[in-house]
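Engineer: Just remember that our numbering sits 95 ahead of the position in the sequence shown, which is counted from 1.
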Amino acid sequence: MTINPALVARYGRNLASVVEINANRFIGREIVPLQTDTIAIEPSSACNLKCSFCAYPKKDSPKISMKNDRFADYVDQAVAMGYRRFHLTPSTGDIFMDRHIFDKLDFLERHPGVREYMFYTNFTISDAEDTARLIELKKLKSMCISVYGHDADSFVKVAKSSHKIYLRLMRNLETLLPLVGQRPGVFHVAIRSTRDMPRGPSTDLLMMLERYKDAGVPVKRSRLYHSWGGKIAPGDLDGLEIDVVDAKSIYKNGACSLLFTGIQIMSTGFVHACACVDVDATLQIGDLNEQPLSEIVSTRNPLYMGLIEEQQRGLFRGVCQECSFYKSIYHSRSQYRKESIPTRSIAEFKVILDGKSPVQAV
Numbered sequence: 096m097t098i099n100p101a102l103v104a105r106y107g108r109n110l111a112s113v114v115e116i117n118a119n120r121f122i123g124r125e126i127v128p129l130q131t132d133t134i135a136i137e138p139s140s141a142c143n144l145k146c147s148f149c150a151y152p153k154k155d156s157p158k159i160s161m162k163n164d165r166f167a168d169y170v171d172q173a174v175a176m177g178y179r180r181f182h183l184t185p186s187t188g189d190i191f192m193d194r195h196i197f198d199k200l201d202f203l204e205r206h207p208g209v210r211e212y213m214f215y216t217n218f219t220i221s222d223a224e225d226t227a228r229l230i231e232l233k234k235l236k237s238m239c240i241s242v243y244g245h246d247a248d249s250f251v252k253v254a255k256s257s258h259k260i261y262l263r264l265m266r267n268l269e270t271l272l273p274l275v276g277q278r279p280g281v282f283h284v285a286i287r288s289t290r291d292m293p294r295g296p297s298t299d300l301l302m303m304l305e306r307y308k309d310a311g312v313p314v315k316r317s318r319l320y321h322s323w324g325g326k327i328a329p330g331d332l333d334g335l336e337i338d339v340v341d342a343k344s345i346y347k348n349g350a351c352s353l354l355f356t357g358i359q360i361m362s363t364g365f366v367h368a369c370a371c372v373d374v375d376a377t378l379q380i381g382d383l384n385e386q387p388l389s390e391i392v393s394t395r396n397p398l399y400m401g402l403i404e405e406q407q408r409g410l411f412r413g414v415c416q417e418c419s420f421y422k423s424i425y426h427s428r429s430q431y432r433k434e435s436i437p438t439r440s441i442a443e444f445k446v447i448l449d450g451k452s453p454v455q456a457v
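(1) Glycine 208: which of Arg228, Ala173, Lys308, Ser429 sits nearest, CA to CA?
(2) In this structure, how does DSSP classify lysine 145 when only helix, strand and coil are distinguished?
(3) Which residues in the same chain as isoleucine 424 place their Cβ atom closer than 8 Å to its Cβ, once the five residues preceding and following it in sequence are excluded?
(4) Could you tell me the distance, in whole angstroms, from the CA atom of aspartate 168 to the CA atom of methionine 292?
(5) Just to confirm, are tyrosine 307 and leucine 274 a CB contact at a threshold of 8 Å?
(6) Who pairs with glutamine 379 in a beta bridge, going by DSSP?
(7) Grab the span of the beta strand (DSSP E) containing alanine 135 for me, first residue to last.
(8) Hey, quick one: how far does the beta strand (DSSP E) through leucine 212 stretch, first residue to last?
(9) Please list the segments of the beta strand (DSSP E) lying wholly inside the region 179 to 267, counting only runs of 3 or more residues, in order along the chain.
(10) State the Cα-Cα distance for the pair lysine 326 and cysteine 142, rounded to the nearest angstrom.
(11) Using C-beta distances below 6 Å, list every residue in its chain close to leucine 398, excluding the 5 sequence neighbours before and after it, in chain order.
(12) With a CB to CB cut of under 8 Å and the five nearest residues on each side skipped, what residues in its chain are close to isoleucine 159?
(13) Using C-beta distances below 8 Å, list every residue in its chain close to proline 313, excluding the 5 sequence neighbours before and after it, in chain order.
(14) Can you confirm whether leucine 200, when its beta carbon is compared against all beta carbons of chain B, has any partner nearer than 8 Å?
(15) Can you give the Cα-Cα distance for arginine 165 and cysteine 146, rounded to whole angstroms?
(16) By alpha-carbon positions, which one of Ala247, Ile134, Ala150, Thr187 ends up nearest to methionine 176?
(17) Can you give the Cα-Cα distance for isoleucine 345 and tyrosine 421, rounded to whole angstroms?
(18) DSSP state of phenylalanine 420, grouped into three classes?
(19) DSSP three-state call for serine 317: helix, strand or coil?
(20) Which one of Phe148, Ile196, Asn384 has the shortest CA to CA distance from lysine 252?
(21) In the DSSP assignment, what residue or residues form a beta bridge with aspartate 464?
(22) Pop quiz: histidine 367 and leucine 301 are said to be a contact at Cβ under 8 Å. What is the actual Cβ separation, rounded to whole angstroms?
(23) Quick check on the DSSP output: the beta strand (DSSP E) that includes valine 284 runs from which residue to which?
(24) DSSP has threonine 438 in a bridge; who is on the other side?
(25) Would you mind reading off the limits of the alpha helix (DSSP H) that contains asparagine 403?
(26) With a cut-off of 8 Å on the beta carbons, I'd call tyrosine 215 and cysteine 239 a contact; round off their distance for me.
(27) Assuming phenylalanine 218 and asparagine 267 make a contact with CB atoms under 8 Å, what is their CB distance in whole Å?
(28) Look up serine 429 in the DSSP assignment and say whether it is helix, strand or coil.
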């Protein structure tokens, strides 16, 4: 059996953090990251792929696109609360499944209260005209292209797609490549394949990504997968050289920092507390069809505050128990230092949250 070094390293880091988490909790040091100018909105929850490792084929939540007027309303509400940066990546899906996505992007471009936005895409839906329009989006901070597999055969197996869709991906990558220099730093590639992915550029796809690296585009490789909150079973990955992180091996003590930074407005208008793997909104804290955002993302919302308190008491709901993205608020992460993200205690976070109508962006 081949041992994945990345998997071993991850388990090692998890063990190393246990001492720090326990020590910080013992002395009462809470490290809540403050990204109070950022919120996630899901333009579409539909996808054109049925990836073997993804919860999309199994989720119960609707697979729909958000209407333009709803999107504009939700953005206006968020801006009124001090949000300036918008993550548009769906929990499971692709933003280009929304036939009106460029209407939404144009709205963000024109909105005086929006500073920037970002998203991931599998880049198999858009066409050459769409690619050209991407270059003109001045507030687009980051677009990461998620690539699955390392050649045509592995793409078809991992993404459960077709050779035709693979060729569309290659065509879109070819179209974008000569344009990336016009927007340096905006485009990124994340490739996730199987354990037998070659190290060198020995396939047409890997040679393409080598050209991206030569053009200055970061290309990150990963061989690790997660279970999407327990939705992915071992049998779903039969025949694939794929390693899934065991979420139960991750030490969980205290509230997850994603409850403070990962709130997402779903395409349905539901608001859930973590835009990570909770595809069916089991962590739902409100519904924008019934109440404004300022009442949902608030210390006055017992659903939101109760969820934080649950985790502080060591009570984790099913999707959180099976989540491998957990980040304890008692762990001082290197990301906070690298990105100069300020941190506070839960009590201080609540004071800031109380002032979010309006709030000064941190």
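Here a beta-carbon is modelled for each residue, glycine too, at the ideal position from N, C-alpha and C.
Predicted model only: the values in this text are computed from it and were never measured.
Structural biologist: Taking the definition as stated:
(1) Within the sequence shown, numbered from 1, the residue matching residue 208 stands at position 113. Out of Arg228, Ala173, Lys308, Ser429, Ala173 has the C-alpha closest to the C-alpha of glycine 208.
(2) Sequence index remark: in the sequence shown, residue 145 carries index 50 (1-based). Of the three classes helix, strand and coil, the one that applies to lysine 145 here is coil, per DSSP.
(3) Here residue 424 is taken as the residue at index 329 of the sequence shown, counted from 1. Correct list, in chain order: Glu125, Ile126, Val127, Gly349, Ala350, Cys351, Ser352, Phe355, Ile441.
(4) As a first step, residue 168 is located in the sequence shown; it is residue number 73 there, counting from the start. As a first step, residue 292 is located in the sequence shown; it is residue number 197 there, counting from the start. Rounded to whole angstroms, aspartate 168 to methionine 292 spans 44 Å at the Cα level.
(5) By 1-based counting over the sequence shown, the position of residue 307 is 212. By 1-based counting over the sequence shown, the position of residue 274 is 179. Not closer than 8 Å, so no.
(6) For the purposes of this step, residue 379 is taken as residue 284 along the sequence shown, with counting starting at 1. Paired residues: His367.
(7) Residue 135 sits at position 40 when you count from the first residue of the sequence shown. Per DSSP, alanine 135 belongs to the beta strand (DSSP E) from 133 to 136.
(8) Here the question's residue 212 lines up with position 117 in the sequence shown. The sequence shown places tyrosine at residue 212, rather than the leucine named in the question. 211 to 216 is the span of the beta strand (DSSP E), which, as asked, contains tyrosine 212.
(9) 180 to 182, 211 to 216, 235 to 243
(10) By 1-based counting over the sequence shown, the position of residue 326 is 231. By 1-based counting over the sequence shown, the position of residue 142 is 47. Each residue's alpha carbon lies about 17 Å from the other.
(11) Here residue 398 refers to the residue found at position 303 of the sequence shown. Contacts found: Ile380.
(12) If you number the sequence shown from 1, residue 159 lands on position 64. Closer than 8 Å at the Cβ level, and outside the excluded window around isoleucine 159, lie Ser139, Ser140, Ala141, Ser362, Thr363.
(13) Taking the first residue of the sequence shown as 1, we reach residue 313 at position 218. Around proline 313: His283, Val284.
(14) In the structure shown, chain B cannot be found, because there is only a single protein chain.
(15) For the purposes of this step, residue 165 is taken as the residue at position 70 of the sequence shown. For the purposes of this step, residue 146 is taken as the residue at position 51 of the sequence shown. Distance between the alpha carbons of arginine 165 and cysteine 146: 29 Å.
(16) For the purposes of this step, residue 176 is taken as residue 81 along the sequence shown, with counting starting at 1. The shortest C-alpha separation from methionine 176 is found at Ile134.
(17) Position 250 of the sequence shown holds residue 345. Position 326 of the sequence shown holds residue 421. Spanning the two alpha carbons is a distance of roughly 8 Å.
(18) For the purposes of this step, residue 420 is taken as the residue at position 325 of the sequence shown. In this structure, phenylalanine 420 counts as coil in the three-state DSSP scheme.
(19) As a first step, residue 317 is located in the sequence shown; it is residue number 222 there, counting from the start. DSSP places serine 317 in strand when its eight states are reduced to three.
(20) As a position in the sequence shown, residue 252 is number 157, starting the count at 1. Looking at the Cα atoms, Phe148 is the closest of the given residues.
(21) Only positions 96 to 457 of the chain appear in the structure, and residue 464 is not among them; the question remains open.
(22) By one-based count along the sequence shown, residue 367 stands at place 272. By one-based count along the sequence shown, residue 301 stands at place 206. With a Cβ gap of about 37 Å, histidine 367 and leucine 301 do not count as contacting.
(23) Within the sequence shown, numbered from 1, the residue matching residue 284 stands at position 189. Looking at the DSSP string, the run of the beta strand (DSSP E) that includes valine 284 is 282 to 287.
(24) Stepping through the sequence shown from its first residue, residue 438 is reached at position 343. Pro128, per the DSSP bridge assignment.
(25) Residue numbering aside, residue 403 sits at position 308 when the sequence shown is read from its first letter. As written in the sequence, residue 403 is isoleucine, which differs from the asparagine given in the question. Note, isoleucine 403: alpha helix (DSSP H), 397 to 407.
(26) Counted from its first residue, the sequence shown places residue 215 at position 120. Counted from its first residue, the sequence shown places residue 239 at position 144. Yes, tyrosine 215 and cysteine 239 are in contact; Cβ-Cβ is about 5 Å, under 8 Å.
(27) For this step, residue 218 is matched to residue 123 along the sequence shown. For this step, residue 267 is matched to residue 172 along the sequence shown. Contact holds; Cβ gap of about 5 Å.
(28) Against the sequence shown, residue 429 aligns to sequence position 334. Three-state result, serine 429: helix.
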